[in-house]
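*Asks:* Here's a structure for you.
Here you go:
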């Protein structure tokens with residue numbers, strides 16, 4: 117049995133197919149972890165969702181900011197949905213969209229495997245969080261997202277405030293702060309206040325900001341973390357964090373990390389030739 121974590125797919129369906137072939141993935145005994153951002157920008161989000169949904173018995177997904185955005189758009193009126201980009205429209209108006217959205221809403225924001233001692237998130241953790249606190253915060257949102265109350269959460273999903281998670285937060289503010297931390301965080305200050313604009317490589321940020329995994333005084337967590345979201349960081353390993361968004365949608369690679377091996381094993385496929393990073397970069 118092998119367990120692999122896969123970085124941000126973002127609708128890059130041909131690359132995902134090639135990566136699974138390269139892994140010789142066996143649904144009977146292997147497991148896939150997807151670090152989130154399954155959809156948007158790669159051109160084939162619908163095919164990607166259908167493929168991963170078909171692997172649901174042998175996979176784990178943590179939702180990314182693009183996935184949550186799609187779920188939020190799905191709550192809008194059809195005339196508003198018709199104004200989004202063609203790739204997402206194809207998902208929104210697909211005959212199996214209700215099945216796919218119900219499945220997406222049942223996925224996680226954080227996944228921890230005690231036996232492997234790996235934790236998967238999409239973006240980051242608040243500096244003040246222990247693993248248990250992070251799990252509780254994620255579970256609070258997961259319960260709402262999979263419940264009949266999900267429309268309210270998805271209607272109030274967007275916003276940069278609160279920019280810092282606090283145990284004093286309640287209700288929607290608490291849930292939005294959790295979502296912002298787990299799905300959007302790259303840089304923050306020593307108090308955990310997120311800078312939503314900083315996306316470059318470490319060293320390019322403003323004074324007083326730190327990569328979320330390098331904040332002075334952050335809580336100790338006795339687990340290895342695998343994540344995506346930060347394509348400018350590329351493949352990174354340090355501070356107990358293994359980042360594997362290697363920018364496939366921008367012409368980089370789609371990366372899998374084997375989690376059950378004694379030595380770190382990275383398996384990659386190149387992006388399709390037509391994929392390029394636009395001027396000014398992307399997230």
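Residue numbers (the working numbering): 117 to 399.
Backbone N, C-alpha and C fix where the C-beta goes; we use that ideal spot for every residue, glycine too.
As the structure is a computational prediction, the values presented were derived from the model and not from experiment.
Please go through the stretch 149-216 and give each complete alpha helix (DSSP H) segment of 4 or more residues, from N-terminal end onward.
*Replies:* DSSP runs (the alpha helix (DSSP H)) wholly in the stretch 149-216: 161-170, 181-189, 194-197 and 202-208.
*Asks:* Any idea if residue 212 is buried or exposed, counting beta-carbon neighbours within 10 angstroms, 16 or more meaning buried?
*Replies:* By the 10 Å Cβ count, residue 212 comes out exposed.
*Asks:* Please report the straight-line C-alpha distance between residue 352 and residue 313, rounded to a whole angstrom.
*Replies:* When rounded, the distance between both Cα atoms is 21 Å.
*Asks:* Under three-state DSSP, which class holds residue 400?
*Replies:* This structure cannot settle anything about residue 400, because the visible part of the chain is limited to 117 through 399.
*Asks:* Compare the beta carbon distance of residue 148 and residue 174 with 8 Å and say whether it is the shorter of the two.
*Replies:* In contact: residue 148 and residue 174 (Cβ atoms closer than 8 Å).
*Asks:* How about residue 232 and residue 119: do their beta carbons lie closer than 8 Å?
*Replies:* Their beta carbons are under 8 Å apart, which means residue 232 touches residue 119 by this criterion.
*Asks:* Between residue 301 and residue 310, how many whole angstroms is the CB-CB distance? I'm expecting something under 8 Å.
*Replies:* Right, their Cβ atoms sit about 5 Å apart.
*Asks:* Is it right to say residue 322 is buried, meaning 16 or more other beta carbons lie within 10 angstroms of its own, or is it exposed?
*Replies:* Looking at its Cβ environment, which holds fewer than 16 other Cβ atoms inside 10 Å, residue 322 is exposed.
*Asks:* DSSP three-state call for residue 367: helix, strand or coil?
*Replies:* Here residue 367 sits in coil by DSSP.
*Asks:* Using a 10 Å radius around the Cβ and a threshold of 16 neighbouring Cβ atoms, would you call residue 222 buried or exposed?
*Replies:* Residue 222 comes out exposed.
*Asks:* Quick check on residue 238: does DSSP put it in helix, strand or coil?
*Replies:* Coil at residue 238, not helix or strand.
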